[in-house]
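For the sequence shown, position 6 (counting from the first letter as 1) is numbered 31 according to the working numbering, and the numbering increases by one without interruption.
Since the structure comes first, as structure tokens, the remarks are kept for the end.
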Amino acid sequence: MESIKDRCKFVVDKSKCIKCGKCINVCSGMVLQFGKDGYPEMKDFERFGWRGCWRCEHCLAVCPKGAISIFGKKPEDSLPPPNDNMGEQMSRLLVNRRSCRRYLDKNVEPQIIDKILKALESAPTGGNSCNVEYTIIDDKDRVKAIRDIAYQDMEEQAKKHIYTSSFSDFYYKKMKESEKTVRNGDLLFCGAPHLFIAHEKCVGKWADDSRVNCDVATTHFELIANSYGLGTIIMSYPAEVLNELSPKAREMLNIPKDHYTKLIVGFGYPEIKYARGVQKTRKQKIHRYTDKNYGQLRLD
Ligand SMILES: Cc1cc2nc3c(=O)[nH]c(=O)nc-3n(C[C@H](O)[C@H](O)[C@H](O)COP(=O)(O)O)c2cc1C
């Protein structure tokens, strides 16, 4: 029978390997060692995860000579590291990424969504558990069907002054006003033609990690989508409506009830293009151990 180690298909091309040991030094699961011949080899182990290989592929990624393949993946098929200008490009992406609340009534090309999802596979998860699931509603008519039901339930409850846990008469009235301008007729999904939801079953001692895994995937999705020129909006309010007021709409997502679904990302082609980035003034306290006045507000 094939051992769990065999399933990893860890292969070292000895004609390329320079025995530098980088693969051993970055191995999260600590399952690599130098063999008697001086080349790296994989130890026996019982299980993937904490008791063995984390499936993180660091060995394949770190090898300066491209000598290591694992899980049948060849180093030459990896994307190269970002170029030197990437810091500047990322800063531009971050300051120009805006919450988009007005969209073209048009589906995004499936190839673009596929590219985003491909890149998203590399989003980190605690212990490389990779248990986050993604639900994409990439058909604008399906989004509309969900929205119509959720709206009906939300408005009926609002007549009785029943709102989601974070809402009240005041907030609801404000949101209603926003339908006339910024949320253009759709206070729930801001008219987004598509939805993305990262979700995971949250149980046991890793439940907090599971929730964070979803939030990490959410923010990664948002940034990657923006880098492809799409508009996005991270939203908690419609998730609350679906979870608390509209069981029928929630069911239409086809997401198990015990999965964490705190944030929904709306996305699509933006109706309005911005001309420049914002210049937000940072208000957060930054605690630096090098600060003389550690713990006090410091604005650079
Ligand atoms: C956790 C979280 C929940 C949010 N929920 C909503 C929401 O329900 N509806 C909405 O229109 N915007 C929502 N937003 C977007 C914020 O309002 C937005 O990020 C903020 O106004 C700053 O604008 P910017 O993203 O363009 O910098 C949410 C953002 C975050 C991070």
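For every residue, glycine included, the Cβ atom is placed at its ideal position computed from N, Cα and C.
- Distances from the CA of R275 to each of N132, G254 and Y176 were compared; the closest alpha carbon is that of Y176.
- DSSP, reduced to helix, strand and coil, places I161 within a strand of the structure shown.
- Counting the other CB atoms within 10 Å of its CB gives F96 a total below 16, which places it among the exposed residues.
- Assignment of V87 by DSSP, reduced to helix, strand and coil, places it in the helix class.
- Counting along the chain, the unbroken alpha helix (DSSP H) around V120 starts and ends at M111 to N121.
- The C-beta of H224 has 16 or more other C-beta atoms within 10 Å across all chains shown, which makes the residue buried.
- Short of 6 Å from the beta carbon of W79, and not among the five residues preceding or following it, lie these beta carbons of its own chain, in chain order: S53, G54 and N153.
- DSSP places Q58 inside the beta strand (DSSP E), whose first and last residues are L57 to F59.
- Restricting attention to E71, T244, R127 and A86, the CA atom closest to the CA of C215 is found in R127.
- Look at which beta carbons fall closer than 5 Å to any heavy atom of ligand 1; those residues are R123, S124, I259, M260, S261 and Y262.
- Nearest Cα to K90 within the set E82, C81 and E101: E101.
- At a Cβ-Cβ threshold of 8 Å, P65 and C48 count as neighbours.
- Taking I138 as reference, the option from Y294, C88 and E27 with the minimal CA-CA separation is Y294.
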